[in-house]
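First comes the structure, then the notes that go with it.
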Amino acid sequence: MNGLSLSRLKQYEDHAILALGVLLALLLRFSLRNFESGDFRSFTSPWYDFIQNNSGFGALKYDFANYTPFYLYLIALMAIPFSSIPKVFAIKLISIPFDFICAFFVHRIVRLKYPSGPAPLFAFFAILFAPTVVLNSSLWGQVDIIYTTGLLACLYFLLTRRETSAFVAFGLAFAFKLQAVFLAPLLLTLLIKRAISLRRFLIIPGVYIAAILPAWLLGRPLPDLLTIYFKQADFYNDLTKNAPNIYQWFSNKYYDILYPAGVIGTAAVVFLLLLIVHKSRLLLTNELTIELAAISVLIMPYFLPKMHDRYFFAADVLSIVFAFYFPRYFFIPLVVGTTSLFTYFLFLFKIEVVPLPLLAVALLAAIAILFRHLFSTLYGNERTTG
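According to the working numbering, numbering within the sequence shown proceeds without interruption in unit steps and concludes at 416.
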């Protein structure tokens with residue numbers, strides 16, 4: 031058998047592996063389609079019904095949901111032409127395609143480091159079969175994968191030096207969910223290192239305005255659309271909603287004191303991160319950018335108050351990318367992902383596998399390890415390849 035035939039055979043084999051893996055990922059998600067979470071019953075199911083009962087997109091002129099119009103557009107797209115599909119499955123079908131789109135961007139990011147070999151394919155499947163990725167969209171019916179896909183697209187475009195595309199992707203993520211700001215420390219770091227232009231940040235509000243424009247044209251008041259995130263922030267008055275972060279060690283009776291202090295404290299942690307990077311003379315590499323992205327999406331939900339159990343989702347995904355860039359730290363996604371998984375069990379199945387304060391300790395240890403590695407990298411004691 032000649033070399034050309036062997037190459038073609040290997041190509042067929044790779045395609046077969048990819049097809050089989052994707053099929054298994056689809057079947058796994060399909061098997062979870064009928065599970066109804068508390069969030070579905072309390073929020074997305076009534077929103078779906080309201081849209082169906084009020085002329086589809088015409089319902090978007092009303093203030094009936096505490097999410098941005100971006101998500102409501104997607105519900106409307108499912109509620110009208112696919113009304114014969116069971117409602118809980120229709121809601122999940124909004125998120126499931128983004129599992130695969132996110133995995134694609136992870137594949138592209140890992141391929142930048144490993145142009146040949148199986149690592150990009152392994153990364154693709156690591157995302158598709160990561161427990162919290164599967165459970166978040168396919169069991170819980172949540173949408174964290176959607177804004178996280180925007181963040182991964184943003185990161186990929188930053189790594190390939192396409193600033194405009196990166197900020198459009200970030201803008202779309204931000205227009206979908208406020209939690210997109212978890213990646214903001216990375217963007218600020220790139221700004222102070224002059225790796226990106228300040229004027230690119232103007233793209234973010236531009237994309238948000240474009241995203242709310244259809245709802246405004248349908249009749250929803252502009253002030254409502256511009257203040258959605260402020261209303262979300264006031265929806266709960268809890269230091270933490272089962273998030274395994276620093277507030278697991280404080281009573282909620284100190285909410286009035288610790289809420290503003292926590293926001294300022296988080297700003298101080300971000301300032302420390304920016305200072306560490308700014309004072310280093312090391313040029314930003316792809317490896318360093320990946321590490322800063324992983325740290326960003328970890329420290330923000332860890333130190334900010336009013337975080338939910340799902341808000342480490344972007345960290346679950348980016349920690350996997352980090353491990354492919356720094357194989358010595360393969361245990362980081364295991365710690366981060368397992369911690370998130372146990373918090374999911376608490377909400378979805380009412381099972382406390384590990385007490386939340388202990389999970390908060392595990393994440394703090396992961397953050398400390400990442401900061402140590404970053405400091406060593408920036409100041410010469412470790413190579414950026416890990």
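No residue lacks a Cβ here, since even glycine has one placed at the ideal position from N, Cα and C.
- In this structure, residue 339 sits near residue 272, with a CB-CB distance shorter than 8 Å.
- Here the alpha carbons of residue 276 and residue 287 stand approximately 15 Å from one another.
- In terms of Cα proximity to residue 174, the closest of 162, 68, 189 is 162.
- About 7 Å separates the beta carbon of residue 125 from that of residue 172, a gap short enough to meet the 8 Å contact definition.
- Just so you know, the alpha carbons of residue 379 and residue 41 end up roughly 43 Å apart.
- A distance of 8 Å or more separates the beta carbons of residue 130 and residue 182.
- Here residue 147 is exposed, its C-beta having fewer than 16 other C-beta atoms within 10 Å.
- Under a 10 Å Cβ-count criterion, residue 212 is classified as buried, with 16 or more other Cβ atoms of the shown protein chains found around its own Cβ.
- Setting aside the 5 residues that flank it on each side, residue 269 is surrounded in the same chain by 277, 280, 282, 284, 285, 288, 289, 292, 335, 336, each with a C-beta closer than 8 Å to its C-beta; the list follows chain order.
- Residue 242 and residue 255 do touch by the CB rule: their CB atoms are close to 4 Å apart, below 8 Å.
- When only Cα atoms are considered, residue 80 and residue 117 end up about 12 Å apart.
- When DSSP states are grouped into helix, strand and coil, residue 207 belongs to the coil group.
- Remark: C-beta atoms of residue 210 and residue 259 do not approach each other more closely than 8 Å.
- The beta carbon of residue 187 sits closer than 7 Å to those of 195, 196, 199, all from its chain and outside the five residues before and after it, given in chain order.
- Annotation: the segment 323 to 385 contains the following complete segments of the alpha helix (DSSP H) (minimum length 4 residues), in chain order: 343 to 355, 361 to 378.
- Within 10 angstroms of the beta-carbon of residue 72 lie fewer than 16 other beta-carbons, which makes it exposed.
- Taken atom to atom, the span from the alpha-carbon of residue 306 to that of residue 299 is near 11 Å.
- For residue 164 against residue 58, the beta-carbon gap comes to about 6 Å, under 8 Å, which counts as contact.
- Minimum Cα-Cα distance from residue 145 among the listed residues 354, 358, 383, 408 corresponds to 354.
- The Cβ atoms of residue 139 and residue 104 lie no closer than 8 Å to each other.
- Distances from the CA of residue 206 to each of 96, 92, 295 were compared; the closest alpha carbon is that of 96.
- Distance check between residue 189 and each of 302, 314, 45 places 314 closest, using alpha-carbon atoms only.
- Taking residue 397 as the centre and dropping the five residues before and after it, the same chain places the C-beta of 328, 329, 332 closer than 7 Å to its C-beta, in chain order.
- In the DSSP assignment, residue 93 falls outside any alpha helix (DSSP H) and carries neither an H nor an E.
- Beyond the five residues adjoining it in sequence on each side, residue 222 comes within less than 8 Å, by CB distance, of 304, 307, 308 in the same chain, given in chain order.
- Between residue 324 and residue 348, the beta carbon gap of about 5 Å places them in contact (Cβ cut-off 8 Å).
- For residue 262, the uninterrupted alpha helix (DSSP H) segment begins and ends at 258 to 263.
- Of 320, 361, 359, 384, the smallest CA-CA separation from residue 371 is found for 384.
- For a cut-off of 8 Å, the C-beta gap from residue 121 to residue 78 is around 6 Å, short enough to register as a contact.
- Counting only runs of 4 or more residues that sit fully inside the segment 233 to 299, the alpha helix (DSSP H) segments are 233 to 248, 252 to 256, 258 to 263, in chain order.
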